[in-house]
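Just so we're aligned, residue 1 is where the sequence shown starts under our numbering, counting upward by one. Each residue gets a CB set at the ideal place from its N, CA and C atoms; glycine is no exception. All remarks here apply to the structure that follows.
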Amino acid sequence: MLTLERLRADHAPALLAFERENREYFARTISDRGDAYFAEFASFHRARLAEQDAGVCHFHLVLDDQGELVGRVNLVDVDDGDAELGYRIGERAAGRGVATAAVREVCRLAATAYRLSTLTAVTTLDNRASRTVLGRNGFTVVGYTVVGGRPGVRYRRRLVATR
């Protein structure tokens, strides 16, 4: 059982530890956040909270059934019913369906709580796991792009609010 928690100020220590623990793992498939992110984490965290308070982003931590932080799933650049989906699951939880479940839940929240109608997502062509997660959650390919200098795919999903 997974839980999504909306990002809060008191999540900062656990989130920083999670990002540090998984930095090398994430860098294998996505662009590294860079040293400044870690050195200035407190200000980055405050900025994310301000974006969330302004309604332009919705950030979530993914917690496992023990309450441990195992990932993140975010909706960014919210505008006129649309947002971009982004997610990262830590190495210890990879390959266990966590990303698929977290994306499923954030799609539900996007439609119901945030009243969004469309989500987009991008990933690299060689990130089979991410492409599988998006496909399992009803995203379809709508084009090709470049992600961090590498060939990528753009996905879209229309949302329907259910009760």
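By DSSP, does residue i sit in helix, in strand, or in coil?
i	result
T29	coil
A102	helix
V160	coil
R150	strand
V56	coil
A121	strand
L134	helix
L4	strand
How close, in whole Å, do the beta carbons of residue i and residue j come, if the pair is a contact with beta carbons under 8 Å?
i	j	result
L7	D64	So it is not a contact: roughly 17 Å between Cβ atoms.
A42	A17	That pair is no contact at about 14 Å.
So which of the options has the shortest CA-CA distance to residue i?
i	options	result
G97	Y144, T132, C107 and L125	T132
A113	V160, R154, R92 and R136	V160
D32	V147, A99 and L49	V147
V76	E24, L49, A36 and A94	L49
L4	E19, E21, A99 and A36	A99
D79	S117, Y155 and A93	S117
Problem set entry | Inter-stretch contact at 8 Å, needing at least 3 Cβ pairs: the region 45–61 / the region 73–91 | Cβ pair count under 8 Å is three or more, so yes.
For this session: Could I get the ranges of all uninterrupted alpha helix (DSSP H) runs contained in the region 31–93, with 4 residues as the minimum, in chain order?
Result: 35–39 and 41–53
For this session: Determine contact between the region 150–158 and the region 109–127, defined as no fewer than three beta-carbon pairs at a distance below 8 Å.
Result: yes
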